[in-house]
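> Have a look at the structure that comes next, please.
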């Protein structure tokens, strides 16, 4: 059973471009969580999604950031018009059911904005 | 501010010694979890302790939870070079269960050979 997959692992964008980060949850998992980690810091929650629904987006910046988890395909975290402050590691986690204790994390996507 | 705060921020010990890391949090929780992160890598789940538990063991790991003090500790016994990593505590306080984990800043552990 493959773990949580994220791609790309590294992404370089120039200011003003768009970044698309993909996350495929573990097989059988229908709950996806996105976290952001700035250098030398812990992870901060961004958004929690189930298939076709955003459950909690309280950690998402109000502008330029959006997330989706369609019926088919991976979850996408989209950052429009990136700025240098968006440079960070973005981690996706998944769990099988709502209320499951453990979230399983992917390897992360490291975004660098030039 | 962060729900969880670890201390120390950095810890350097000799191989074979025990390492203790502490975590404090602010609100009532459902459970508290410890994760390990090797440099530049993803997070690996180590152990979960529920709010009604006081101590839990897994191999060389021992976790305690004191809900009255809102604190937890992670003890790694007989440390090895491979234990070098950052360790994070994460709390789950959502009523419905693990929807939003709140992480501390982490403790950077270095095991010297």
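Residue numbers (this note's numbering), protein chains in the order written: chain D, 154 to 267; chain B, 1395 to 1507.
Built from N, CA and C at the ideal position, the CB exists for glycine as well.
Given the structure is predicted, the values throughout are model-derived calculations rather than measurements.
(1) Taking three-plus beta-carbon pairs below 8 Å as touching, is the region 253 to 262 of chain D in contact with the region 1406 to 1413 of chain B?
(2) Shortest alpha-carbon distance to residue 199 of chain D belongs to which of D:181, D:179, D:243?
(3) Distance check for residue 197 of chain D and residue 1502 of chain B, CA to CA, integer angstroms please.
(4) So what's residue 1454 of chain B in DSSP terms, helix, strand or just coil?
(5) If you measure from the beta carbon of residue 1395 of chain B to each beta carbon in chain D, is any gap under 8 Å?
(6) Hey, how far is the Cα of residue 1485 of chain B from the Cα of residue 1497 of chain B?
(7) Please report the straight-line C-alpha distance between residue 177 of chain D and residue 157 of chain D, rounded to a whole angstrom.
(8) Could you confirm whether any beta carbon from chain B is found closer than 8 Å to the beta carbon of residue 194 of chain D?
(9) Would you list the one or two residues that DSSP bridges to residue 250 of chain D?
(10) Along chain B, in chain order, which residues have C-beta atoms closer than 9 Å to that of residue 260 of chain D?
(11) On the three-state DSSP scale, how would you describe residue 1472 of chain B?
(12) Below 8 Å on C-beta distance, what does residue 1496 of chain B contact in chain D?
(13) Do we get a CB-CB distance below 8 Å when we pair residue 1451 of chain B with the residues of chain D?
(14) Under 7 Å Cβ-Cβ, which residues of chain D neighbour residue 1442 of chain B?
(15) When you compare the CB of residue 1425 of chain B with every CB in chain D, is at least one pair closer than 8 Å?
(16) When you check each C-beta in the region 208 to 225 of chain D against every C-beta of chain C, which residues fall closer than 8 Å?
(17) Are residue 191 of chain D and residue 246 of chain D touching if we call contact CB-CB under 8 Å?
(18) Using 10 angstroms around the beta-carbon of residue 204 of chain D, count the other beta-carbons present and answer buried if the total reaches 16, otherwise exposed.
(19) Would you verify that the beta carbon of residue 265 of chain D is, or is not, closer than 8 Å to some beta carbon of chain B?
(20) How do the region 1416 to 1425 of chain B and the region 209 to 224 of chain D stand: do at least 3 beta-carbon pairs fall below 8 Å, yes or no?
(21) How far does the beta strand (DSSP E) with residue 1439 of chain B in it reach, from first residue to last?
(22) Express the C-alpha separation of residue 1494 of chain B and residue 206 of chain D in angstroms, rounding to a whole number.
(23) Residue 1438 of chain B to residue 169 of chain D, Cα distance in whole Å?
In this structure, then:
(1) no
(2) As a first step, residue 199 of chain D is located in the first chain; it is residue number 46 there, counting from the start. Selection D:181, D:179, D:243 evaluated against residue 199 of chain D yields D:243 as nearest (Cα-Cα).
(3) Stepping through the second chain from its first residue, residue 1502 of chain B is reached at position 108. Stepping through the first chain from its first residue, residue 197 of chain D is reached at position 44. Cα to Cα, the separation comes out at about 18 Å.
(4) Locating residue 1454 of chain B in the second chain gives position 60, where the first residue counts as 1. Three-state result, residue 1454 of chain B: coil.
(5) Stepping through the second chain from its first residue, residue 1395 of chain B is reached at position 1. Confidence at residue 1395 of chain B is low in this model, with a pLDDT of 37, below 50, so its placement is unreliable and no value can be given for it.
(6) Mapped onto the second chain, residue 1485 of chain B falls at position 91. Mapped onto the second chain, residue 1497 of chain B falls at position 103. Approximately 7 Å, taken between the alpha carbons.
(7) Position 24 of the first chain holds residue 177 of chain D. Position 4 of the first chain holds residue 157 of chain D. For residue 177 of chain D and residue 157 of chain D, the distance between alpha carbons rounds to 6 Å.
(8) Locating residue 194 of chain D in the first chain gives position 41, counting from the first residue. True, the Cβ-Cβ gap to chain B drops below 8 Å.
(9) As a working note, residue 250 of chain D is residue 97 in the first chain. Per DSSP, none; premise fails for residue 250 of chain D.
(10) Locating residue 260 of chain D in the first chain gives position 107, where the first residue counts as 1. Within 9 Å Cβ-Cβ: 1435, 1436.
(11) Position 78 of the second chain, counted from the first residue, corresponds to residue 1472 of chain B. DSSP places residue 1472 of chain B in coil when its eight states are reduced to three.
(12) Stepping through the second chain from its first residue, residue 1496 of chain B is reached at position 102. Correct list: 198.
(13) Position 57 of the second chain, counted from the start, is the residue given in the question as residue 1451 of chain B. Judged by the 8 Å Cβ criterion, residue 1451 of chain B is not in contact with chain D.
(14) Residue mapping note: residue 1442 of chain B aligns to position 48 of the second chain, counting from 1. Correct list: 254, 255.
(15) Counting from 1 along the second chain, the entry for residue 1425 of chain B is found at position 31. With respect to chain D, the C-beta atom of residue 1425 of chain B has a partner C-beta closer than 8 Å.
(16) Protein chains D and B are contained in the structure displayed, whereas chain C is not.
(17) Position 38 of the first chain holds residue 191 of chain D. Position 93 of the first chain holds residue 246 of chain D. No; because the gap between Cβ atoms is not below 8 Å, this pair is not in contact.
(18) If you number the first chain from 1, residue 204 of chain D lands on position 51. The residue in question, residue 204 of chain D, is exposed, as its Cβ has fewer than 16 Cβ neighbours within 10 Å.
(19) Here residue 265 of chain D refers to the residue found at position 112 when the first chain is read from its first residue. No, residue 265 of chain D lies away from the interface with chain B (no Cβ there is under 8 Å from its Cβ).
(20) no
(21) Translated into positions along the second chain, residue 1439 of chain B becomes position 45. It spans 1437 to 1444 - the beta strand (DSSP E) in which residue 1439 of chain B sits, taken as one unbroken run.
(22) Within the first chain, residue 206 of chain D is the residue found at index 53, counting from 1. Within the second chain, residue 1494 of chain B is the residue found at index 100, counting from 1. Approximately 16 Å between the Cα atoms of the pair.
(23) Residue numbering aside, residue 1438 of chain B sits at position 44 when the second chain is read from its first letter. Residue numbering aside, residue 169 of chain D sits at position 16 when the first chain is read from its first letter. Going from the Cα of residue 1438 of chain B to the Cα of residue 169 of chain D covers about 34 Å.
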